[in-house]
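The working numbering applies: residue 248 is where the sequence shown begins, and numbers increase by one. Down below is the structure, laid out as structure tokens.
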Amino acid sequence: GSFREDLYFRLNVLTLTVPPLRERRADILPLAVHLLVTLRSVHGRPCAELSDSARRMLAAYSWPGNVRELRNALERAIVFSGVGRGAAAAERDLLEPENFPENVRAAAPGAASPVAGLRSLEEVEREVIAATLEATRYQISRSAEVLGISRKTLLEKRKKYGLK
Numbered sequence: 248g249s250f251r252e253d254l255y256f257r258l259n260v261l262t263l264t265v266p267p268l269r270e271r272r273a274d275i276l277p278l279a280v281h282l283l284v285t286l287r288s289v290h291g292r293p294c295a296e297l298s299d300s301a302r303r304m305l306a307a308y309s310w311p312g313n314v315r316e317l318r319n320a321l322e323r324a325i326v327f328s329g330v331g332r333g334a335a336a337a338e339r340d341l342l343e344p345e346n347f348p349e350n351v352r353a354a355a356p357g358a359a360s361p362v363a364g365l366r367s368l369e370e371v372e373r374e375v376i377a378a379t380l381e382a383t384r385y386q387i388s389r390s391a392e393v394l395g396i397s398r399k400t401l402l403e404k405r406k407k408y409g410l411k
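Rendered as structure tokens:
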């Protein structure tokens with residue numbers, strides 16, 4: 248529904264604008280450490296700490312869900328890792344990047360993208376057309392037949408890709 252206008256104006260004395268986390272990169276790690284302290288006690292994992300690579304990964308991610316997303320990612324990392332369950336209390340367990348959700352890991356510096364090394368459809372198409380033209384000794388009609396396209400389409404694509 249609707250919000251009572253008189254109540255809105257009573258409450259709207261001060262407007263507080265908090266910039267998104269992606270604009271406050273310097274706050275990401277201190278927030279993560281603070282949230283980690285809270286989550287360690289909630290989940291009974293007193294030894295959980297962030298590894299250096301996990302810190303770099305958290306700092307590199309844009310956090311579109313802001314602090315809530317950061318908290319959820321840290322909680323998931325603690326819950327699904329074996330961290331803090333070690334026999335020796337003095338043992339220092341580290342949360343590593345693999346303990347975090349895939350979307351956060353993908354932002355890590357040097358992280359392999361699921362599409363790393365793949366080429367665009369246009370690159371592949373250009374390569375196939377060039378190879379077919381060469382294999383048919385640049386016979387346009389024969390190349391078009393092999394490719395399963397019209398002669399006109401092949402000529403257009405040849406021009407588009409700058410093939411002779």
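The C-beta atom is built at its ideal place from N, Cα and C for all residues, glycine as well. Please read all numbers here as calculations on a predicted model, not as lab measurements.
Separation of residue j from residue i, as counted between CA atoms
i: N350; j: P293; result: 26 Å
i: D286; j: L258; result: The displayed chain sequence assigns Leu, not Asp, to residue 286. Taking the straight line from one Cα to the other gives about 32 Å.
i: A378; j: E369; result: 14 Å
i: W310; j: S367; result: 28 Å
i: H281; j: R318; result: 10 Å
i: A334; j: E374; result: With a pLDDT of 44 at A334, under the threshold of 50, the predicted position of this residue should be treated as unreliable, though the coordinate-derived value follows. Spanning the two alpha carbons is a distance of roughly 58 Å.
i: A320; j: S288; result: 16 Å
i: R303; j: E252; result: 46 Å
i: G395; j: K406; result: 18 Å
i: I387; j: L401; result: 7 Å
i: I376; j: L410; result: 9 Å
i: V371; j: A355; result: 28 Å
i: G413; j: F256; result: Nothing about residue 413 can be reported from this structure: the residues present for the chain run from 248 to 411 only.
Beta-ladder partner(s) of residue i, from DSSP
i: L297; result: L342
First through last residue of the alpha helix (DSSP H) which encompasses residue i
i: P277; result: 272-290
i: F256; result: 252-258
i: S390; result: 387-394
i: R384; result: No alpha helix (DSSP H) contains R384, which DSSP labels as neither H nor E.
i: R315; result: 313-327
Spatially closest choice to residue i from the options, by CA coordinates
i: E270; options: G312, L283, L282; result: G312
i: A306; options: E322, I325, A273; result: A273
i: A279; options: L254, K406, L261, A324; result: A324
i: R352; options: A382, S300, L263; result: S300
Check whether residue i and residue j have beta carbons under 8 Å apart
i: L297; j: L341; result: yes
i: R384; j: A391; result: no
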